[in-house]
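**Q**
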DNA sequence: CAGAAACTTCGTAAATGGTTGCCATAAATT
DNA sequence: AATTTATGGCAACCATTTACGAAGTTTCTG
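Residue numbers (the numbering used here), protein chains in the order written: chain F, 234 to 568; chain H, 234 to 568.
Put into structure tokens, the structure is as follows:
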């Protein structure tokens, strides 16, 4: 592969000059520039990004750490970020943390050792303290979907508590009082907050929270199925079900039909996240919108602004959920 | 950030020795190793991957180019690859090509300039010739979901024609003869081949192919909706519908219900890809399985074998689709 | 048991492919 | 002719790897 040295030789100029025409900062006469450009073309020269990073201590790439690479949720984060970063000619290096502390730390260290200019992290297992400590280090980062008061300027998050509140409220306003809940893993902040919001809504409407109508899932569809089975097997009556995400809601819907329930008449269901498939389920799933795409873009803008000094208006830190009404909730049926 | 130099100083050894203990290849006495390790720990030393790549001309990272970062299809590719590569301590750099030639070339060049040890490409717009030319260059790559005879050893692909055949056959065997088709963009190889397989099945069963019962979509759900609307508006009878992927099938199902069709009695539908949501649609979507996860892993194994010289049994190149029977196809109804 | 041979273990120094501050030169301006 | 100014070159530097060779240590041989 051709090097800058060969280019300079062919063009009859010095190394520095070639470098200058690549990084348009310094002035180079038009004639010289043309010679250099021609030489580059002739040699099919591709600058060695690695060498460039080493010398300039800049990599023009930002590291992203997500829990999983698979699934609609994370792919939305990645694609939102990539879109805005790419437009500014920054690139993206991705690692997966698999929601485990060691792997998350591993991933972060890898990204740092790769000399990313900044990191965008979706981490769930690493402690607040670790992140606060990390924030004192040399590598800037933003958090997505997590809020830590001490470093709140670096956090882009959703008001999950309010989201939990809204989803329960939708059911309550339709007259439901016996409401089951399929939760995400409670050690995850978002699951925890959603559940808190749920309880707040119940309290506000004077509905009793029945702790036997609770199932802690893991956010995967299968745990929605499992959760509904268990809830049903108790032979306790409930007319409404809130699931802490759409995946589980979808699993629960499948399972409900296996149990010969007529949806939505026999059971009103609400989800959370508003993934694209929510509107293609039958009945179309009412859910809480998670403006993940905007949030992902916000983190990317944070990086552009903070790290690359682009002039960008203020980056929004806290986003609000919104209830999306579709067909899966109906007024409670009199019997 | 601490450098290898500081470590060598603190440990009282030379640079080379420190390097040796990191890359366990050369021999170092235990005493020396311990001193070095202790120094590293004390300084919280993290090797600079960038400098390492430059010097060793190896980056331990492989570049992935997919069309989109978003969606179940691509996230499955990425996650399959990452899983096997990560297990061998290789890392992953991702770029998106957005199905456009310039962006795909751009992405490839970026990954090369980043000195990836190998590339795994899901490209749709770039020409065969470009890829054949690229294969003569210094950077090894595999193609996923594309077959080019001249470089078939570097291709991991699905027999899409056979898949198209299977999906039509399922409908035909249930007695359907009036079958509509919602295609992917025909300039994409896979869409093209699926459609060919479809026609082969029709011919084999002596069913007439009616070209007015054809709609060319773009693989997104919305084009499934649009497609079904148009097909329906023609007031031509059809009892079966094959969609070239599950996303479009899902869109078509939503739209069918808007038109008051009773699924599956009024219309039998089959999809393609077997994305995870296919089994959560109602009725559960019969579809053709695309063993994408295995294929993604196969490409990663190709890299491990070819580039990193790991001993791996033969990597499978051509994968076979398989029909997955669920609830969306029923025997044609007599009227 | 001395001395040679053969290993081990470790240090020196030259890459790797760029960036960039500083200085020199040539051209342009007054 | 003197002073600016626009260009371009030199060389140091970025943090590693690695070929080569120099000690030091062990084993072998007569």
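Positions of the beta carbon are idealized from the N, C-alpha and C atoms, including for glycine.
Expressed to the nearest angstrom, what Euclidean distance is found between the alpha-carbon atoms of residue 287 of chain F and residue 272 of chain H?
**A** Straight-line Cα distance between these residues: approximately 24 Å.
**Q** Tell me whether residue 393 of chain F is buried or exposed, calling it buried when 16 or more other Cβ atoms sit within 10 Å of its Cβ.
**A** That one is buried.
**Q** Under three-state DSSP, which class holds residue 536 of chain F?
**A** Of the three classes helix, strand and coil, the one that applies to residue 536 of chain F here is helix, per DSSP.
**Q** Measure from the C-beta of residue 287 of chain F to each C-beta in chain H and report whether the shortest distance is under 8 Å.
**A** At least one chain H Cβ lies under 8 Å of residue 287 of chain F.
**Q** Once the 5 residues before and after residue 345 of chain F are set aside, which same chain residues still bring their CB inside 7 Å of it?
**A** Taken in chain order, the residues that qualify are 372.
**Q** Among the candidates F:504, F:324, F:310, F:516, whose CA atom is the shortest distance from the CA of residue 403 of chain F?
**A** When only C-alpha atoms are compared, the closest one is F:504.
**Q** Are the beta-carbon atoms belonging to residue 416 of chain F and residue 450 of chain F less than 8 Å from one another?
**A** Their beta carbons are under 8 Å apart, which means residue 416 of chain F touches residue 450 of chain F by this criterion.
**Q** Nearest chain F C-beta to residue 493 of chain H closer than 8 Å, yes or no?
**A** Not an interface residue.
**Q** Chain F partners of residue 328 of chain H, CB-CB under 9 Å?
**A** By Cβ distance, chain F contributes 315, 319, 324, 325.
**Q** Within 7 Å: the Cβ of residue 446 of chain H and any heavy atom of the ligand SAH?
**A** Ligands in the displayed structure: none, and consequently the ligand SAH is not present.
**Q** So is residue 374 of chain F in contact with chain H if we call contact Cβ pairs under 8 Å?
**A** No - not a single Cβ of chain H is within 8 Å of the one on residue 374 of chain F.
**Q** Would you decide whether residue 340 of chain F is buried or exposed? Buried here means 16 or more other CB atoms lie within 10 Å of its CB.
**A** Buried.
**Q** Taking 8 Å as the CB-CB cut-off, is residue 439 of chain F touching chain H?
**A** Not an interface residue.
**Q** When the cut-off is 8 Å and only beta carbons count, does residue 291 of chain F lie next to chain H?
**A** Not an interface residue.
**Q** Taking all protein chains shown into account, decide if residue 370 of chain F is buried (16 or more other Cβ within 10 angstroms of its Cβ) or exposed.
**A** It is exposed - the Cβ of residue 370 of chain F has fewer than 16 other Cβ atoms within 10 Å.
**Q** Can you look up residue 439 of chain F in the DSSP assignment and give me helix, strand or coil?
**A** DSSP places residue 439 of chain F in coil when its eight states are reduced to three.
**Q** Return helix, strand or coil for residue 546 of chain F, following the three-state DSSP convention.
**A** Reduced to three states, the DSSP call for residue 546 of chain F is coil.
**Q** Excluding the five sequence neighbours on either side, which residues of its own chain have a C-beta within less than 7 Å of the C-beta of residue 514 of chain F, listed in chain order?
**A** The answer, listed in chain order, is 483, 486.
**Q** Could you say if the stretch 322-335 of chain H and the stretch 288-302 of chain H meet the contact criterion of at least three C-beta pairs nearer than 8 Å?
**A** Short answer: they touch.
**Q** CA-CA distance, residue 335 of chain F and residue 500 of chain F?
**A** Whole-angstrom Cα-Cα distance: 41 Å.
**Q** What are the boundary residues of the alpha helix (DSSP H) that includes residue 240 of chain F?
**A** Start and end: 237-244.
**Q** To the nearest angstrom, how far is the alpha carbon of residue 452 of chain F from that of residue 263 of chain F?
**A** Looking at the two C-alpha atoms, the distance is approximately 59 Å.
**Q** Nearest-angstrom Cα distance between residue 377 of chain F and residue 310 of chain F?
**A** Taking the straight line from one Cα to the other gives about 9 Å.
**Q** Using only alpha-carbon positions, find the residue among F:251, F:261, F:302, F:365 that is nearest to residue 278 of chain F.
**A** Selected option, being the one with the closest Cα: F:251.
**Q** Using a threshold of 8 Å, state whether the C-beta atoms of residue 308 of chain H and residue 430 of chain F are closer than that.
**A** No; because the gap between Cβ atoms is not below 8 Å, this pair is not in contact.
**Q** Identify, in the order they occur along the chain, each residue of the same chain with its Cβ nearer than 8 Å to the Cβ of residue 509 of chain F, setting aside the five sequence neighbours on each side.
**A** Correct list, in chain order: 305.
**Q** Is DSSP giving residue 336 of chain H helix, strand or coil here?
**A** In the structure shown, residue 336 of chain H sits in a helix (DSSP, three-state: H, G or I).
**Q** Starting from residue 363 of chain F, trace the alpha helix (DSSP H) in both directions and tell me its first and last residue.
**A** First-last of the alpha helix (DSSP H) with residue 363 of chain F: 361-368.
**Q** Taking only the alpha-carbon atoms, compute the straight-line gap between residue 337 of chain H and residue 360 of chain F and give it to the nearest angstrom.
**A** Going from the Cα of residue 337 of chain H to the Cα of residue 360 of chain F covers about 39 Å.
**Q** Are residue 396 of chain F and residue 347 of chain F close, meaning C-beta to C-beta below 8 Å?
**A** No, these two residues do not count as a Cβ contact at 8 Å.
**Q** In its own chain, which residues sit with a C-beta less than 8 Å from the C-beta of residue 517 of chain H, not counting the 5 before and 5 after it?
**A** Closer than 8 Å at Cβ, skipping near neighbours: 511, 559, 560, 561.
**Q** Determine whether the Cβ of residue 304 of chain H lies closer than 8 Å to any Cβ atom of chain F.
**A** It does: the Cβ of residue 304 of chain H has a partner Cβ on chain F nearer than 8 Å.
**Q** Find out if the Cβ-Cβ distance for the pair residue 276 of chain F, residue 320 of chain F is shorter than 8 Å.
**A** No, Cβ-Cβ distance for residue 276 of chain F and residue 320 of chain F is not below 8 Å.
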